[in-house]
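Here is the structure we will look at, set down as C-alpha cells.
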Amino acid sequence: MVFEESVALSQPFEEVVAKVKQSFAASGFGILTEIDVQATLREKLGKQMDRYLILGACNPTLASRALDIEPEIGVLLPCNVVVRDNHDSVLVEAMDPGVMTTLVSRDELRPVADEARRLIGEALNRLAQSA
4 MVFEESVALS QPFEEVVAKV KQSFAASGFG ILTEIDVQAT LREKLGKQMD RYLILGACNP
64 TLASRALDIE PEIGVLLPCN VVVRDNHDSV LVEAMDPGVM TTLVSRDELR PVADEARRLI
124 GEALNRLAQS A
C-alpha cells in the first residue's frame with residue numbers, strides 16, 4: 004500500500020522548506036505545525052540524525068468538509084508533509100489523503116480525499132518543476 008507521494012530536490016534544505024510552504028499555500032494549505040524531529044531527538048535522546056522536519060498542512064475548506072462527515076477524522080489531521088535530507092538531495096514526502104478513506108468506512112469522505120490528493124499533487128508537481 005502506497006501512503007505517500009514524494010519529490011526529490013537538489014536545492015539547500017532551508018530553501019526547499021520555504022518552497023514547500025509557498026507551493027502548498029498556492030494549493031490552499033496553511034502550515035499549522037512544524038516539528039523539528041532532528042532537534043527533538045537530539046535533545047531528548049542524544050541521537051544524531053540528518054535534518055528531518057514534519058510540517059502539518061491543512062486546507063481549512065477540506066478539513067471542514069471531512070469533519071462534517073466524520074468528526075473523529077480529526078485524529079488524522081492535518082496532512083503531514085515531511086522535508087528531510089536524503090544523501091545528495093532533499094526529499095519532500097506528503098501523505099496520501101486517500102489513506103483516511105481506508106481507515107474510516109465512510110464513502111462520503113472519498114470526494115474530499117480525492118480533492119486533497121489532487122491539490123497535494125499540484126503542490127508536489129510545482130516543487131518538481133522548480134528543481
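The numbering of the sequence shown is the numbering used here, which starts it at 4 and goes up by one. Ideal Cβ placement from N, Cα and C applies to all residues, glycine included.
Problem - Given 8 Å, three or more beta-carbon pairs between the segment 73 to 92 and the segment 14 to 25 - result: yes
Problem - Per DSSP, cross-strand counterpart(s) of SER92 - result: ASN89
Handout entry: Cut-off 6 Å between Cβ atoms - residues of its own chain near ASN62, not counting five sequence neighbours on either side
Key = GLY31, PHE32
Practice task
Check the DSSP bridge columns for LEU58 and list the partner residues they point to.
Solution key: GLU37, VAL84
Problem - C-alpha distance - LEU112 paired with ALA126, whole-angstrom precision - result: One C-alpha to the other measures close to 21 Å.
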